[in-house]
Amino acid sequence: MNTRPPRSAAAHVLRRCAHFAVVLFAVYTVSFFLLYALPGDPVALMLERRSAGAGGGTPEQLAALRARYGLDDPLPQRYLSTLGALLTGDLGTSFQSGRPVPELLAAVAPGTLALAGAALVLAVPFSLALALLTSHRPGSPAHRILVNVPALLAAVPAFWLALLLVQVFSFGLGWFPSAGGEGLPGLVLPAVSLALPVSAALTAVLVRGLDDVQRAGFVALLRARGLPWRRVYLAHVARNALLPFVTLTGLTVGGVLAGTVITETVFARAGLGRLLASSVETQDAPVVLAIAVLAALVFAAVNLLTDLLLPLLDPRLRHRTDGARA
Amino acid sequence: MSAETVLRLDGLTVRHPARGGEVTAVEDISLTVPAGRCVALVGESGSGKSTTLNALLGLTPATARTRVRRLEFADAPGGAPRPVTDPAALRGRSVGLVPQDPARALDPLVRIEGHFAELYRHFTGLKDRAEARRRTVAALAAVGVDRPEARLRQYPHELSGGLLQRVLVALALTGEPRLLLADEPTSNLDVTVQRRVLDLFDALRAERGLALLLVTHDLAVASQRADELIVLRGGRVVESGPTDRVIGAPRHPYTRQLVTSLPGRLPRTARPAAGTDAAPAAGTGDGPPVVLAARGLAKSYPGARGSGPVAAVRGVDLTLRRGRTLAVVGESGAGKTTLLRLLTGLERPDAGTVLLDGTPVGTGRRARVAFTRRVQLVHQNPAGSLNPALTIGRIIAEPLAAHRIGTARHRAERARALLEAVGLPAGFAAQRPARLSGGQAQRVAIARALALDPEVLVLDEPVSALDQAVQLALLELLDGLQRRLGIALLLVTHDLGVVRATADEVLVLHRGRTEEAGLADALFTAPASPYTRALLDAVPALRLPVTPPFHERTPSS
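Sequence order for the protein chains is L and U.
Just so we're aligned, residue 241 is where the first sequence starts under my numbering, counting upward by one.
Just so we're aligned, residue 5 is where the second sequence starts under my numbering, counting upward by one.
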């Protein structure tokens, strides 16, 4: 049966942290074997690229490079040595550019973090406002119209939306740069095109939650006690509906990170997403591995945070007394 | 009857829009509640009780069309009733509402003190937290909450149902209303708790001159507590008047039917005489052979933080004979459900054995499968136990399919035969369960349980979610099936009316132990344990093995 021993809050935190470590380890393992067990020779590819297609290198050069990157060692040994290096903070050297991976990441990470952060900063308040507005009067014409907006937003492909935004606001109106772009103006269009599909999912879940909570018995009772609807809606309905919203926002961070790959490519922004795309093309395993582990780290950390946050928001999650059936 | 009128409602009609017209939820309802009196609205589900309550508070959905000829409310004691144009104005300050399901009636994220503080702020503009706390403690103490200071920081899920209902009464009183609307306030509570909550209402009426409009499906509760009864059916008042008159001499056939269909009034003579043939002396005599038995069953679950395991069932013995009915009764938390799960093999006991035909049930997979063919379970919530995606025929045939019995065609035929056996048209086999009423759904669940020709049917609160008349029909069905098929029934329930109507033997559980066990007649007429006696005393309709309660109240005129 699903009866578990009693545990304290500290044990709960420890257990969650252990989950966090397991997720990171699993991501590393899967990425490593996917990258290094693939057919194809990254070193040959690298030399070919570097020599600009002029026939690659001699077999001696290839062998020397292989030895330098440790590619001749058996796979399990490389797996362990790479893991050891990662744990000591050594992310390795890019096959492609020959530069240390941290250096490559540091060059582009701020751009991506700004993009992802801006997208979240747009998406979360936007979806909150839209959902609260939609659900305020269930059954009203506004509700019937607005409730369909998220589905519409979600149905639009991200890249198409991005192209549309560029067409209208860059080429048409000339308000924002269409590609690259530094600072805030360059950030607006990519962030919006990344934020819209994300806020569609968030809004849909929140509207559903708000509508469900409104049907709960305690809401009718609060109204029957004479409390004004605005008070009931904001202090009780919205607060209860926010719980699943917090969980989903945590999960959304993953979607935003994945979305940067497309967005950065469409808008020709330097960033982790584009670095990842180009590194996958050239089988630049150390870079791909580092980005994968980094993304997993961010994703797992955010979800660890929401996991630890939820018991603070919901008293029912604080006492874990499974079983004890009456 | 010279008490001043607090509420007068005249000619309430509520219509809901529906496809191709309107559906009338209630039509031309009129009622008057005097100060200090209790008026009960009695009716089955769908009779319009809740619609009437909601209309009184202006809580009907915006799409509904509500018409009232006259609505009057007397706000001050001694004042004449004044017309009310917007019923929403009555909420809180004039009329307090006590809801049906206490467990879901409070915002789960807000501490008890928070609920009160919010209302004080709204009603009196009180912002001082210490003062709000002082008032909350006083309000909780006034409705009999023990250790009120300790409750302030607790969350709703940490309180028991009875305690929650007291908190809800206290909350309904914060606006100092003159009328309480109680919507099935005790139908989800144990009988002993139910009695205490109803006593609280009586006390409040006496102390504060509060008027009470009690909405209930339980005629027994209404007959004990109300001064006046209003019987609703299909959105109309079929009969109203002083309680004694309505119960003692019902004029309308529907009221007469309600009075006679109380489960506690099911004629005992209709039972296969349990005590007459060879009179088995409480389980040791000859009687029919024993099918299912348990010896020293025990089960505990891990407890809350810091505390040890909680023993749900401790050392229970029981014996169930072929063709007989054994009822397991007790309050919530007594271990009924755990015992049931142990007896049906859903959980393994920590100690003790379950015996089928005198041989212990093995723990292997094969032994368990063989066991489930002979012991079948019917759940409490009929609608929830039927897969909405399957047709009713498939649902009933599912146990046959699971045990690979017969061909698909044979199974379909059997499903239709079973439907007829439980009193439903065979044509239901092609339909899906969504359109079934509660009683029909429970019949389907029983048909499914019978598919494997079991010897024992274990029923978990089989009728507690159903209306009274439907309950009676279902109990009669079970009775007929038992006589025809010789099935043994093990009935787990908190409803002593049902027990009295159906059981040959009774086992009273209290805190996981057997409090008392024996023949039903003996136990009801002369309970040995004080706990059983308290339980029997708390049942509204059941003080009557000797004198029926309705006759107690028959007017002398």
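For each residue, glycine too, the CB sits at the ideal point set by N, CA and C.
Close-in-space but distant-in-sequence residues of the same chain around residue i (CB under 7 Å, 5 per side omitted)
i, result
"LEU390 of chain U", "ILE399, PRO437, ALA445, VAL448 and ALA449"
"PRO103 of chain U", "ALA109, LEU172 and ASP187"
"ARG260 of chain U", "PRO254"
"GLY148 of chain U", "ARG170 and LEU204"
"GLY351 of chain L", "ARG509, ALA510 and GLY511"
"TRP415 of chain L", "PHE409"
"ALA419 of chain U", "GLY397, ILE400, ALA401 and ALA433"
Chain-order list of residues whose beta-carbon lies under 6 Å from that of residue i (same chain, five-residue window excluded)
i, result
"LEU515 of chain L", "VAL348"
"THR178 of chain U", "LEU123"
"ARG517 of chain U", "ARG318"
"VAL10 of chain U", "VAL37, ALA39, ALA78, ARG182, LEU183 and ALA215"
"PRO284 of chain U", "Reliability of the predicted coordinates at PRO284 of chain U is poor, the pLDDT of 41 falling under 50, and the value obtained from them is presented with this limitation in mind. Taken in chain order, the residues that qualify are GLY291."
"SER49 of chain U", "ASP471"
"THR492 of chain L", "VAL438"
"GLY287 of chain U", "With a pLDDT of 44 at GLY287 of chain U, under the threshold of 50, the modelled position of this residue cannot be trusted; read the value that follows with caution. THR323, listed in sequence order."
"ARG449 of chain L", "One point to set straight first is that residue 449 of chain L is Gly, not Arg, in the sequence displayed. For GLY449 of chain L, where only same-chain residues beyond five positions count, the Cβ hits under 6 Å are ALA481 and PRO484."
"ASP14 of chain U", "SER34, ARG73 and ARG74"
Where the beta strand (DSSP E) containing residue i begins and where it ends
i, result
"GLN523 of chain L", "Unbroken run through GLN523 of chain L: none, as it is neither H nor E."
"LEU233 of chain U", "232-237"
"GLY96 of chain U", "Per DSSP, GLY96 of chain U belongs to no beta strand (DSSP E) and is neither H nor E."
Cβ separation of residue i and residue j, assumed to be a contact under 8 Å, to the nearest whole Å
i, j, result
"VAL46 of chain U", "LEU223 of chain U", "6 Å"
"ALA536 of chain L", "VAL262 of chain L", "That pair is no contact at about 11 Å."
"ALA530 of chain L", "LEU331 of chain L", "5 Å"
"VAL225 of chain U", "THR190 of chain U", "7 Å"
"THR322 of chain L", "PHE272 of chain L", "6 Å"
"VAL295 of chain U", "ARG326 of chain U", "5 Å"
"THR500 of chain L", "GLY490 of chain L", "Rounded, the Cβ-Cβ distance is 17 Å, inconsistent with contact."
"LEU217 of chain U", "LEU185 of chain U", "5 Å"
Residue i (DSSP reduced to helix, strand or coil)
i, result
"LYS131 of chain U", "coil"
"VAL18 of chain U", "strand"
"GLY457 of chain L", "helix"
"GLY82 of chain U", "coil"
"GLU188 of chain U", "coil"
"HIS161 of chain U", "helix"
"GLU26 of chain U", "strand"
"ARG436 of chain U", "coil"
"PHE416 of chain L", "coil"
"ASP321 of chain U", "strand"
"GLY443 of chain U", "helix"
"ILE491 of chain U", "coil"
"PHE507 of chain L", "coil"
"SER304 of chain U", "strand"
"SER367 of chain L", "helix"
"ALA477 of chain U", "helix"
"ALA224 of chain L", "Outside the modelled stretch of chain L, which goes from 241 to 566, sits residue 224 of chain L, for which no answer is possible."
"PRO364 of chain U", "strand"
"PHE399 of chain L", "helix"
"THR89 of chain U", "coil"
Chain-order list of residues whose beta-carbon lies under 8 Å from that of residue i (same chain, five-residue window excluded)
i, result
"THR536 of chain U", "VAL512, GLU519, GLU520 and LEU527"
"SER560 of chain U", "Residue confidence is low: SER560 of chain U scores 42 on pLDDT, short of 50, so the model does not pin down where it sits. No coordinate-derived value is stated."
"ARG115 of chain U", "LEU156, ARG157, GLN158 and TYR159"
"GLY4 of chain U", "Since the first residue of chain U shown is 5 and the last is 561, residue 4 of chain U is not available in this structure."
"VAL201 of chain U", "GLY166, GLN169, ARG170, VAL173, PRO189, THR190 and LEU193"
"ALA524 of chain U", "ALA278, ALA331, VAL503, ARG504, ALA507, ASP508, GLU509 and VAL510"
"LEU544 of chain L", "ARG256, CYS257, HIS259 and PHE260"
"ALA416 of chain U", "GLY397, ALA401 and ALA433"
Where the alpha helix (DSSP H) containing residue i begins and where it ends
i, result
"ARG206 of chain U", "Here residue 206 of chain U is Asp; the residue named in the question, Arg, does not match the sequence. Where ASP206 of chain U is concerned, the enclosing alpha helix (DSSP H) stretches over 195-212."
"HIS407 of chain U", "Looking at the DSSP string, HIS407 of chain U is not in any alpha helix (DSSP H), and its letter there is neither H nor E."
"VAL406 of chain L", "Premise fails: VAL406 of chain L is in no alpha helix (DSSP H) and is neither H nor E."
"TYR309 of chain L", "Where TYR309 of chain L is concerned, there is no enclosing alpha helix (DSSP H), given that its DSSP letter is neither H nor E."
"GLY501 of chain U", "500-506"
Practice problem: Please list the residues of the region 459-470 of chain L that have a C-beta atom closer than 7 Å to any C-beta atom in chain U, keeping them in chain order. | Solution: Per Cβ criterion, the list reads ALA460, LEU461, ARG463, ALA464, ARG465, GLY466 and LEU467.
Self-check item: Contact list for the region 13-29 of chain U against chain L, Cβ threshold 8 Å
Solution: Of all residues in the region 13-29 of chain U, none has a C-beta nearer than 8 Å to a C-beta of chain L.
Quiz item: Using a beta-carbon distance cut-off of less than 7 Å, what residues from the region 147-165 of chain U approach chain L?
Solution: Listed by position along the chain: TYR159 and HIS161.
Quiz item: Going along the chain, which residues of the region 377-390 of chain L sit with their C-beta nearer than 7 Å to a C-beta in chain U?
Solution: Identification of residues in the region 377-390 of chain L having a C-beta nearer than 7 Å to some C-beta of chain U yields GLY379, given in sequence order.
Practice problem: Residues of the region 55-71 of chain U with a CB closer than 7 Å to any CB of chain L: list them in chain order, please. | Solution: Within the region 55-71 of chain U, the residues whose Cβ lies closer than 7 Å to some Cβ of chain L are LEU61, LEU63, ALA66 and THR67, listed in chain order.
Exercise. Could you name the residues of the region 98-117 of chain U whose beta carbon sits closer than 7 Å to any beta carbon of chain L, in the order they occur along the chain?
Key: When C-beta distances to chain L are compared with 7 Å, the residues of the region 98-117 of chain U below that value are LEU101, PRO103, ASP105, ARG108, ALA109, LEU110, ASP111, PRO112 and LEU113, in chain order.
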